[in-house]
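Colleague: This note's numbering puts the first residue of the sequence shown at 3, with every later residue one more than the last.
Take a look at the following structure, please.
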Amino acid sequence: MPGGENRERIAIIEPRCHGVEHGSFNAALVAAILAAFPDCNVDVYGEATHLEELKQLLVSTRAGSASRLSWRPLATPPRRAAGWQRALKVRQLFAQIEREFRLHPPRSVVIATTDPFVLTLLKLRLFTRWRGLRAMAVFHEILAVLERRRQSSRRWGFVASLAMPHPRGLTYLVLAETILAHLQHRAPRMAAHAVAIELPSLLGDLPGDAGRRGNRSLRFGFVGAGRKAKGFHQFLEVARAIRQDHPEVHFEVVGSVPAGLAPSALQLLTSVDRNQPRDVGSERGLGVSRGGEEQAPHHPGAGVLPLVDFVATIRALDYIVWLGDPKHYQLVASGSLADAIALGIPVICLSGPLVDHVFEQVGEVGIRCETVADMQREILRIVTKFPEETYRRHIEALRTARTALAPEACVSQLRLALGGSFPGACPSNRR
């Protein structure tokens, strides 16, 4: 095995700013690339704060691979940049990356979050200055615009970037087999260049235990940004209905809520702000829950909840309530669902293609419901008489499910995407 600087390099680039990037997934992606290509060094590019968090998580879970990792800070585009301003910022970002590539030339490039501007510049570079490199572009929420009938600049830009000629050596990565299957129907030209993995999570490898402890009040949690597609307002409706007769039950947000939420809705919740950046956009955080006591509001200057607190808060929940819109999640994977399963928390969720596929892959790790009304009835049953035996079965299934979500489970697909010709091979320019 070649040593140190003699190893070929893979560059993983996160072009989004901290607080908006996919932190948990990115850590799992780095771990998966390390496992798939043990003869390569890996350079991770991104905002400095984001890189520090990834470093802490990977040192805690994959310390043996630390010598193959390098961390290279970038000035990523600010959250509010849009239109021509974002196009300019992304162009400046690629100029930074090219300067780094001259010092640390990679054999392969992985874009951890792909948007229309990034995809356009990536394709142009692969036809010109990066000709000969293997590349993989990862797609998250942007795929949802393909389902929207209403035209928008974002949808138009994405469709246009996909329609550009496709460079040899570029592979698209989507984060569920069900997404790839739907793409084959919805966007067959894109699907022809795509590979699917099941969205991995590294959080389950962090020390600590989950599961109900003692006879304290039940805690149900919503994880992530409180958006319409994630069913945040339905979560509030369920909380309101349950707490009307059972005020001792806690409904918590580990994430953020929409700005302007009515005080009556805020009173239903205790919450923890995970991904609230310092320059607050359309969302704001609430108080930090500590033993069910809601503290003072979490103001913008307080920054992002540390990863260790984020994980500990999720593990203190009894159930995670997942209300994602099934249509939206035909083309989008759920990091919060993967993290909940990896951390060993039973889920109560709405059925849909993604959820049903996850349950088929990892087992009965919670309760599936056809409607929000069904979910409300299930939660009421749990509150009225806690199902000890069923809960134990869910916890056992979750312990097994952790293996299916481990980064190492997607090694073969990543080798396919980046063109490794044999197990453990580092991608090469040779065609």
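Just so you know, even glycine gets a beta-carbon here, dropped at the ideal spot from N, CA and C.
Should the segment 329 to 344 be regarded as contacting the segment 399 to 417, the criterion being three or more beta carbon pairs within less than 8 Å?
Modeller: These segments touch.
Colleague: When we look at the beta-carbon of residue 11 and count the other beta-carbons within 10 Å, is it buried (16 or more) or exposed?
Modeller: Classification for residue 11: buried.
Colleague: Report all residues from its chain with a CB closer than 7 Å to the CB of residue 380; omit the five preceding and five following residues, and keep chain order.
Modeller: Only 350, 369, 371 meet the Cβ criterion.
Colleague: Count the other CB atoms, across all protein chains shown, that sit within 10 Å of the CB of residue 329; report buried if there are 16 or more and exposed otherwise.
Modeller: Exposed, since its Cβ has fewer than 16 Cβ neighbours within 10 Å.
Colleague: Given a threshold of 16 other Cβ atoms within 10 Å of its Cβ, counted over all protein chains shown, does residue 246 qualify as buried or as exposed?
Modeller: Exposed is the call here.
Colleague: Counting Cβ pairs closer than 8 Å, one from the segment 27 to 42 and one from the segment 194 to 205, do we hit at least three?
Modeller: The segment 27 to 42 is in contact with the segment 194 to 205.
Colleague: Please report the Cβ distance between residue 325 and residue 233, rounded to the nearest whole angstrom; I am assuming they are in contact, meaning their Cβ atoms lie under 8 Å.
Modeller: Right, the Cβ-Cβ distance comes to about 3 Å (below 8 Å), so this counts as a contact.
Colleague: Can you give the Cα-Cα distance for residue 425 and residue 262, rounded to whole angstroms?
Modeller: Below a pLDDT of 50, predicted positions are generally treated as unreliable, and residue 425, at 47, falls in that range; the measurement from the model is reported next regardless. Residue 425 and residue 262: Cα-Cα distance of roughly 52 Å.
Colleague: Can you tell me whether DSSP reads residue 352 as helix, strand or coil?
Modeller: Looking at residue 352 - three-state DSSP - the assignment turns out to be strand.
Colleague: From the DSSP output, in three-state form, read off residue 386 for me.
Modeller: Looking at residue 386 - three-state DSSP - the assignment turns out to be helix.
Colleague: How many Å lie between residue 108 and residue 197 at the Cα?
Modeller: Distance between the alpha carbons of residue 108 and residue 197: 22 Å.
Colleague: Taking only the alpha-carbon atoms, compute the straight-line gap between residue 16 and residue 231 and give it to the nearest angstrom.
Modeller: Cα-Cα distance, rounded: 24 Å.
Colleague: If we require 4 or more residues per run, which alpha helix (DSSP H) segments fall completely within the segment 141 to 199?
Modeller: Listed in chain order, they are 155 to 165, 179 to 188, 190 to 193.
Colleague: Ignoring anything shorter than 4 residues or poking outside the segment 25 to 64, list the alpha helix (DSSP H) runs there in chain order.
Modeller: The qualifying runs are 25 to 38, 50 to 63.
Colleague: From residue 336 to residue 176, what does the alpha carbon distance come to, in whole angstroms?
Modeller: Going by the C-alpha atoms only, they are around 12 Å apart.
Colleague: Assess contact between the segment 69 to 82 and the segment 46 to 53, defined as three or more Cβ pairs (one per stretch) separated by less than 8 Å. Is contact present?
Modeller: Yes, the segment 69 to 82 touches the segment 46 to 53.
Colleague: May I have the straight-line CA-CA distance separating residue 242 from residue 192, to the nearest angstrom?
Modeller: If you take the alpha carbons of residue 242 and residue 192, they lie about 43 Å apart.
Colleague: Go ahead and label residue 417 buried or exposed: buried means 16 or more other beta carbons lie within 10 angstroms of its beta carbon, across all protein chains shown.
Modeller: Under this definition residue 417 is a buried residue.
Colleague: Give the straight-line distance between the Cα atoms of residue 260 and residue 398, rounded to the nearest whole angstrom.
Modeller: If you take the alpha carbons of residue 260 and residue 398, they lie about 35 Å apart.
Colleague: Among 414, 98, 158, which has the Cα closest to the Cα of residue 117?
Modeller: The shortest Cα separation from residue 117 among 414, 98, 158 belongs to 158.
Colleague: On a CA-only basis, which of 396, 52, 190, 33 is nearest residue 321? Give me that one, please.
Modeller: It is 396 whose Cα lies nearest to the Cα of residue 321.
Colleague: If you reduce the DSSP assignment to three classes, tell me which class residue 107 lands in.
Modeller: In the structure shown, residue 107 sits in coil (DSSP, three-state: anything other than H, G, I, E or B).
Colleague: Return the first residue and the last residue of the alpha helix (DSSP H) that residue 127 is part of.
Modeller: It spans 118 to 129 - the alpha helix (DSSP H) in which residue 127 sits, taken as one unbroken run.
Colleague: What is the C-beta distance between residue 127 and residue 171, in whole angstroms, given that I count them as a contact (C-beta under 8 Å)?
Modeller: 12 Å between Cβ atoms; not a contact.
Colleague: Tell me where the beta strand (DSSP E) around residue 256 begins and ends.
Modeller: Unbroken beta strand (DSSP E) run through residue 256: 252 to 260.
Colleague: Using a threshold of 7 Å, state whether the C-beta atoms of residue 174 and residue 142 are closer than that.
Modeller: No, they are not a contact pair.
Colleague: In this structure, how does DSSP classify residue 275 when only helix, strand and coil are distinguished?
Modeller: The predicted position of residue 275 is uncertain, since its pLDDT is 42 and thus under 50; a value taken from the coordinates is nonetheless stated next. DSSP places residue 275 in strand when its eight states are reduced to three.
Colleague: Distance, Cα to Cα, residue 123 vs residue 333?
Modeller: Answer to the nearest angstrom: the Cα atoms are 23 Å apart.
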